[in-house]
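Undergrad: Got a structure here, written out as structure tokens. Questions coming.
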Amino acid sequence: MNRREFLECAALLIGGVSASQMGITLTVEQQRHMASSPNYIDRKMSYFNAAQRATLAMLTETVIPRTESPGAIDAGVPRFVELMVFEWLNEQERNLFVDGFDALMAQVQRDHQQPFEALAEKTRVSILEDLESAASDSSWYSFGEIPVYVSDAPFICQLKELTIWGFFTSEVGGTQVLRYEAMPMKFDGHQKLRDDDSSWVSVLI
Amino acid sequence: MSVTTQYDFDAIVVGSGITGGWAAKELTEKGLKVLVLERGRELRHGADYTGEHAPDWKLPFQGKPPRELYAEEYPVQSTSYAFGEATRHFFVNDKQNPYQTEKPFNWIRTDVVGGRSLVWGRQTYRWSQQDFAANQRDGHGIPWPIGYDDIAPWYSYVEKFIGVSGEKLGLAELPDSEFLPPMGMHKIEETIRGRLKRKAPDVNLTIGRTAVLTQNHNGRAACHYCGPCHRGCSTGSYFSSQSATLPAATATGNMTLRPNSVVEKLVLDSETGKVSEVRVIDSQTGERLRFRSRLVFLCASTVGSTQLLLNSGSEAFPNGLANRSGALGRYLMDHVHGIASMGIFLDDMDSYWHGNRPNGTYIPRFRNLPGQEDQNDFVRGYGIQGNVVRMNWKVNYHRKGFGANLKDSLRKPGPWVWAMVAFAECLPDKRNHLYLHPNKRDRFGIPQVVFDAQWRENEYKLWEDAVGQSERILRAAGAVLNLKQHESDSPVGGAVHEMGTARMGNDPTEAVLNAHNQAHDVPNLFVTDGACMTSASCVNPSLTYMALTARACDYAVKQMQAGVL
Chain A
1 MNRREFLECA ALLIGGVSAS QMGITLTVEQ QRHMASSPNY IDRKMSYFNA AQRATLAMLT
61 ETVIPRTESP GAIDAGVPRF VELMVFEWLN EQERNLFVDG FDALMAQVQR DHQQPFEALA
121 EKTRVSILED LESAASDSSW YSFGEIPVYV SDAPFICQLK ELTIWGFFTS EVGGTQVLRY
181 EAMPMKFDGH QKLRDDDSSW VSVLI
Chain B
1 MSVTTQYDFD AIVVGSGITG GWAAKELTEK GLKVLVLERG RELRHGADYT GEHAPDWKLP
61 FQGKPPRELY AEEYPVQSTS YAFGEATRHF FVNDKQNPYQ TEKPFNWIRT DVVGGRSLVW
121 GRQTYRWSQQ DFAANQRDGH GIPWPIGYDD IAPWYSYVEK FIGVSGEKLG LAELPDSEFL
181 PPMGMHKIEE TIRGRLKRKA PDVNLTIGRT AVLTQNHNGR AACHYCGPCH RGCSTGSYFS
241 SQSATLPAAT ATGNMTLRPN SVVEKLVLDS ETGKVSEVRV IDSQTGERLR FRSRLVFLCA
301 STVGSTQLLL NSGSEAFPNG LANRSGALGR YLMDHVHGIA SMGIFLDDMD SYWHGNRPNG
361 TYIPRFRNLP GQEDQNDFVR GYGIQGNVVR MNWKVNYHRK GFGANLKDSL RKPGPWVWAM
421 VAFAECLPDK RNHLYLHPNK RDRFGIPQVV FDAQWRENEY KLWEDAVGQS ERILRAAGAV
481 LNLKQHESDS PVGGAVHEMG TARMGNDPTE AVLNAHNQAH DVPNLFVTDG ACMTSASCVN
541 PSLTYMALTA RACDYAVKQM QAGVL
């Protein structure tokens, strides 16, 4: 639902009271509201080269693959990761990511004589599992308070964090894998949950 | 009532937040010409709620906070649960609005018309007779000059206007309000409530009483359950100055609202003994302005109002305006708050929800009730606000694995978690105070506030008891796992319930304000925000501030009509 639809909806639900009486009028400024602005991943940017992008896309897809529902590539996660690495991570974190990424690309080329994205899924998963195994002492895995970001997390943990976050907070992930409703209009605390039902997009935590 | 040539306005209200909005509404509806001075910038209801209904994918970084910006410019404001990219435009920039601390103090502030009423937690509870009698009974602080019966009709008056949803319980310790229908409970909350009835019968669990509408009310629409109220609500479904009191004041034609107006000083006329002039700095132009009025209502927030009084000293009041008692700036309080316990439940796993209920549950005070006051080694009590959620991907993605299994397990809801957040009463203690820094000034040349307040013995004992009792309740409720989460490191100010520093009391040598929020020594000056509080109770304070404001307005106008003011 975009901002205009919302405001129309909001006016309707007030019943007899007109939108202008309620102070609800659509102005030019409202068109600039976040809810009607482009998605975050649609920002213009260009940080990685084509080879890096191809590998990164397959890395995210290996973490969250397309199944009967959309996967990381469908959800634009590669764009999210690229944006976050260069516009959100600090220098130390960015270096960890970029160095780890370079090392992985080089290692795969050495071991398999082809890039990561050309490998079979089983091989790709196995490569990531090896990296995860080597990183298992990282505090990224420790249970407890949830940090905003673990600054010294190794590349594989960063990749997972940015992929998972980018996927489940994306429009595709939020509406096609999780469930989302902008204005549910009611609260029902007895909604039946079936075995295969997904979570709602969380807006309260 | 007409404006005389002697005055620019009948009344000046400083602040447009939860009490300023009420003062504006009440005074204008009684026919006074009122100037409302707001230091923040203009903010249009609805149109300027720019973060409203923005899903994660629209937010910068899809909701990951810009850490460096927050650390640099919003280190205090970003500690508030309500702060984020969808609400940042409501809050002050800490870097541009510095203050000093001798001990840690979180001063959460907004910078817009409507003030913190835009981002408040909306929990709405009456004080009890026991709360008003507490100081007198145990000797901490001074006695309240009013009791429950004095304020009860004003509670009703305010509640009928703002709209409070909740459930009648008939408890003396938490008097019922004028309620709209209560919000529904989660099935797990009903399960917990049933078990507590059997296994912890001294504890009541009820749905939170909240200033969120469950049906259309006074031209405002029922809640549409989008969830994060603090982003602003175009349908006016939660009470704020913007949604309710300021429109009512505007409708009278008697209000002039001036944003960007930083009040620097109140000037006392030494002949009349009244405030004769309010001095303002326009935050955008730097222009200095002076306004005169018959009445002055300070609704600038606890700290803001006291800062202004401290900065308005004169020959008659060298230590701050209306400060003959020396109590101005002292007896600063807040609520000790944090997660007392948190537990996991495996009941009702086939039950979920539809709609984001902007409200939790509440366990009213159950310690030191009348007749039990001498059973413990602490005085006063606490209430517990509960929130249940099902764990989801956001709280458990730091784990091993890749591929379809990882994706599938992350997308589904996990077990129920019940977080129990205790709010404990803080005693009025003279040592807990704020004062003006002798040299450091803000960008307007106004001396900065220095905070020197800390939790003390009784607060620590209350907290310890809240942790122990919440563990008992968690067991009785049937939690399968106690997560042993006890957060109690929130500094004073962290609950954003700061109050006191210009307390009410009958004795002018001990109190700044009388029983009608009128300064003992300056008859045309009223302070009706949290600064007036003589003790803190353990319930959320905004309803009481609003009721006291409406009551004080009624009194002031009657005094004017009688020719006394």
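Chains as they are written, first to last, in the UniProt record's numbering: chain A, 1 to 205; chain B, 1 to 565. Glycine residues also receive a C-beta, built at the ideal position from the N, C-alpha and C atoms.
With a CB to CB cut of under 7 Å and the five nearest residues on each side skipped, what residues in its chain are close to Asn356/B?
TA: Within the second sequence, the letter at position 356 stands for residue 356/B. Same-chain partners within the cutoff: Tyr225, Cys226 and Gly227.
Undergrad: Please decide whether Tyr47/A counts as near chain B, where near means a Cβ-Cβ distance under 8 Å.
TA: Taking the first sequence and counting its residues from 1, one reaches residue 47/A at position 47. For Tyr47/A, the answer is no, since every Cβ of chain B falls outside 8 Å of its Cβ.
Undergrad: For Asp197/A, which option in Ala103/A, Met183/A and Gln176/A has the closest C-alpha, if you only look at C-alpha atoms?
TA: The residue given as residue 197/A occupies position 197 in the first sequence. For the residues Ala103/A, Met183/A and Gln176/A, the minimum Cα distance to Asp197/A belongs to Gln176/A.
Undergrad: Just how far apart, CA to CA, sit Ala103/A and Asn106/B?
TA: Numbered from its first residue, the first sequence carries residue 103/A at position 103. Numbered from its first residue, the second sequence carries residue 106/B at position 106. Near 44 Å, if we compare the C-alpha coordinates of Asn106/B and Ala103/A.
Undergrad: Can you name the residues of chain B whose CB is closer than 8 Å to the CB of Glu171/A?
TA: Taking the first residue of the first sequence as position 1, residue 171/A is located at position 171. Going along chain B in sequence order, the residues near Glu171/A (Cβ under 8 Å) are Pro55 and Trp57.
Undergrad: So, using beta-carbon positions, are Ala57/A and Pro78/A closer together than 8 Å?
TA: Taking the first sequence and counting its residues from 1, one reaches residue 57/A at position 57. Taking the first sequence and counting its residues from 1, one reaches residue 78/A at position 78. Yes.
Undergrad: Return no unless some Cβ of chain A is closer than 8 Å to the Cβ of Asp350/B.
TA: Sequence index remark: in the second sequence, residue 350/B carries index 350 (1-based). Yes, Asp350/B counts as interfacial toward chain A.
Undergrad: For Gly23/A and Val76/B, what's the separation of their Cα atoms in angstroms?
TA: Position 23 of the first sequence, counting from 1, holds the residue named residue 23/A. Position 76 of the second sequence, counting from 1, holds the residue named residue 76/B. With a pLDDT of 40 at Gly23/A, under the threshold of 50, the modelled position of this residue cannot be trusted, and the question is left open.
Undergrad: Closest Cβ-Cβ distance between Gln62/B and chain A: below 8 Å?
TA: Walking along the second sequence from the start, residue 62/B turns up at place 62. Yes, contact with chain A.
Undergrad: In the DSSP assignment, find the alpha helix (DSSP H) that holds Pro247/B and state where it starts and stops.
TA: Working through the second sequence from its first residue, we reach residue 247/B at position 247. Taken as a continuous stretch (DSSP letters only), the alpha helix (DSSP H) holding Pro247/B covers Leu246 to Thr252.
Undergrad: Just curious, the beta strand (DSSP E) that Thr361/B is in, first and last residue?
TA: Walking along the second sequence from the start, residue 361/B turns up at place 361. Taken as a continuous stretch (DSSP letters only), the beta strand (DSSP E) holding Thr361/B covers Thr361 to Ile363.
Undergrad: Ignoring anything shorter than 4 residues, give me the alpha helix (DSSP H) runs that lie fully in the segment 124-212 of chain B, in order along the chain.
TA: As far as the segment 124-212 of chain B is concerned, its whole alpha helix (DSSP H) runs of at least 4 residues are 129-138, 148-162 and 187-199.
Undergrad: Compare the C-beta of Trp418/B against all C-beta atoms of chain D and say whether one is closer than 8 Å.
TA: Among the chains of the structure shown, chain D does not appear; the protein chains present are A and B.
Undergrad: To the nearest angstrom, report how far apart Thr25/A and Ser243/B are at their CA atoms.
TA: Taking the first residue of the first sequence as position 1, residue 25/A is located at position 25. Taking the first residue of the second sequence as position 1, residue 243/B is located at position 243. Unreliable positioning characterises Thr25/A in this predicted model, as indicated by a pLDDT of 42, which lies under 50. A coordinate reading is not provided.
Undergrad: Taking all protein chains shown into account, do 16 or more other C-beta atoms lie within 10 angstroms of the C-beta of Leu481/B, making it buried, or fewer, making it exposed?
TA: The residue given as residue 481/B occupies position 481 in the second sequence. Exposed is the call here.
Undergrad: Here's a check: name, in chain order, each residue in its chain whose Cβ is nearer than 7 Å to the Cβ of Pro364/B, leaving out the five neighbours to either side.
TA: Indexing the second sequence from 1 puts residue 364/B at position 364. Leu171, Glu173, Leu174, Asn204 and Gly383.
Undergrad: Per DSSP, what kind of secondary structure is residue 568/B in: helix, strand or coil?
TA: This structure leaves residue 568/B out entirely; chain B is present only between 1 and 565.
Undergrad: By the three-class DSSP mapping on this structure, what secondary structure does Thr101/B have?
TA: Translated into the one-based positions of the second sequence, residue 101/B becomes position 101. DSSP places Thr101/B in strand when its eight states are reduced to three.
Undergrad: Would Glu82/A count as contacting chain B if we go by Cβ distances under 8 Å?
TA: Locating residue 82/A in the first sequence gives position 82, where the first residue counts as 1. Cβ-Cβ to chain B under 8 Å: no for Glu82/A.
Undergrad: Within the same chain, show all residues whose beta-carbon is closer than 8 Å to that of Arg53/A, passing over the 5 residues directly before and after it, in chain order.
TA: If you number the first sequence from 1, residue 53/A lands on position 53. Contacts found: Pro78 and Glu82.
Undergrad: At a Cβ cut of 9 Å, what residues of the segment 467-479 of chain B count as close to chain A, listed as they run along the chain?
TA: Per Cβ criterion, the list is empty.
Undergrad: Just to confirm, are Ile151/B and Arg551/B a CB contact at a threshold of 8 Å?
TA: For the purposes of this step, residue 151/B is taken as residue 151 along the second sequence, with counting starting at 1. For the purposes of this step, residue 551/B is taken as residue 551 along the second sequence, with counting starting at 1. Yes.
Undergrad: Is Ser470/B helix, strand or coil by DSSP?
TA: Position 470 of the second sequence, counting from 1, holds the residue named residue 470/B. Helix, per DSSP.
Undergrad: With three or more beta-carbon pairs closer than 8 Å as the criterion, would you say the segment 125-140 of chain A touches the segment 396-406 of chain B?
TA: At 8 Å Cβ cutoff, the stretches touch.
Undergrad: Hey, would you say the C-beta of Gly114/B is under 7 Å away from at least one heavy atom of the ligand NAD?
TA: Inclusion of the ligand NAD in the displayed structure is not the case, the ligand content being empty and no account of it being possible.
Undergrad: In angstroms, rounded to a whole number, what distance separates the CA positions of Ala556/B and Pro508/B?
TA: In the second sequence, counting from the first residue as 1, residue 556/B sits at position 556. In the second sequence, counting from the first residue as 1, residue 508/B sits at position 508. In a straight line, the C-alpha of Ala556/B is about 19 Å away from that of Pro508/B.
Undergrad: Roughly how many angstroms lie between the CA atoms of Pro38/A and Val203/A, to the nearest whole one?
TA: As a first step, residue 38/A is located in the first sequence; it is residue number 38 there, counting from the start. As a first step, residue 203/A is located in the first sequence; it is residue number 203 there, counting from the start. If I take the Cα positions, the gap works out to 20 Å.
Undergrad: If you draw a straight line from the C-alpha of Asn439/B to the C-alpha of Tyr149/A, how long is it?
TA: For the purposes of this step, residue 439/B is taken as residue 439 along the second sequence, with counting starting at 1. For the purposes of this step, residue 149/A is taken as residue 149 along the first sequence, with counting starting at 1. Computed Cα separation, rounded: 39 Å.
Undergrad: Measure the Cβ-Cβ separation of His486/B and Ile339/B and say whether it is below 8 Å.
TA: Start at 1 with the first residue of the second sequence, and residue 486/B comes out as number 486. Start at 1 with the first residue of the second sequence, and residue 339/B comes out as number 339. Result yes, Cβ atoms of His486/B and Ile339/B sit closer than 8 Å.
Undergrad: Using a C-beta to C-beta distance shorter than 8 Å, which residues of chain B count as neighbours of Asn39/A?
TA: Position 39 of the first sequence, counted from the first residue, corresponds to residue 39/A. By Cβ distance, chain B contributes Trp57 and Lys58.
Undergrad: If contacts are defined as beta-carbon pairs under 8 Å, then Asn433/B and Asp334/B qualify, I think. What distance do you get, rounded to the angstrom?
TA: Within the second sequence, residue 433/B is the residue found at index 433, counting from 1. Within the second sequence, residue 334/B is the residue found at index 334, counting from 1. A small correction: the amino acid at residue 433/B is His; Asn does not occupy that position in the sequence shown. His433/B to Asp334/B, Cβ: 13 Å. No contact.
Undergrad: Using only the alpha-carbon positions, how far apart do Lys192/A and Trp416/B sit?
TA: Reading the first sequence from its first residue, position 192 is the one you call residue 192/A. Reading the second sequence from its first residue, position 416 is the one you call residue 416/B. If you take the alpha carbons of Lys192/A and Trp416/B, they lie about 15 Å apart.
Undergrad: If you follow the alpha helix (DSSP H) that residue 573/B is in, where does it begin and where does it stop?
TA: Limits of chain B in this structure are 1 at one end and 565 at the other, which puts residue 573/B out of reach.
Undergrad: May I ask you to report which of helix, strand or coil DSSP gives Thr110/B?
TA: Taking the second sequence and counting its residues from 1, the one referred to as residue 110/B is at position 110. Strand.
Undergrad: Assuming Val98/A and Ile127/A make a contact with CB atoms under 8 Å, what is their CB distance in whole Å?
TA: Position 98 of the first sequence, counting from 1, holds the residue named residue 98/A. Position 127 of the first sequence, counting from 1, holds the residue named residue 127/A. Not confirmed; about 18 Å, so no contact.
Undergrad: Beta carbon of Asp94/B, beta carbon of Tyr81/B: below 8 Å?
TA: The sequence position of residue 94/B within the second sequence is 94, counting from 1. The sequence position of residue 81/B within the second sequence is 81, counting from 1. No; because the gap between Cβ atoms is not below 8 Å, this pair is not in contact.
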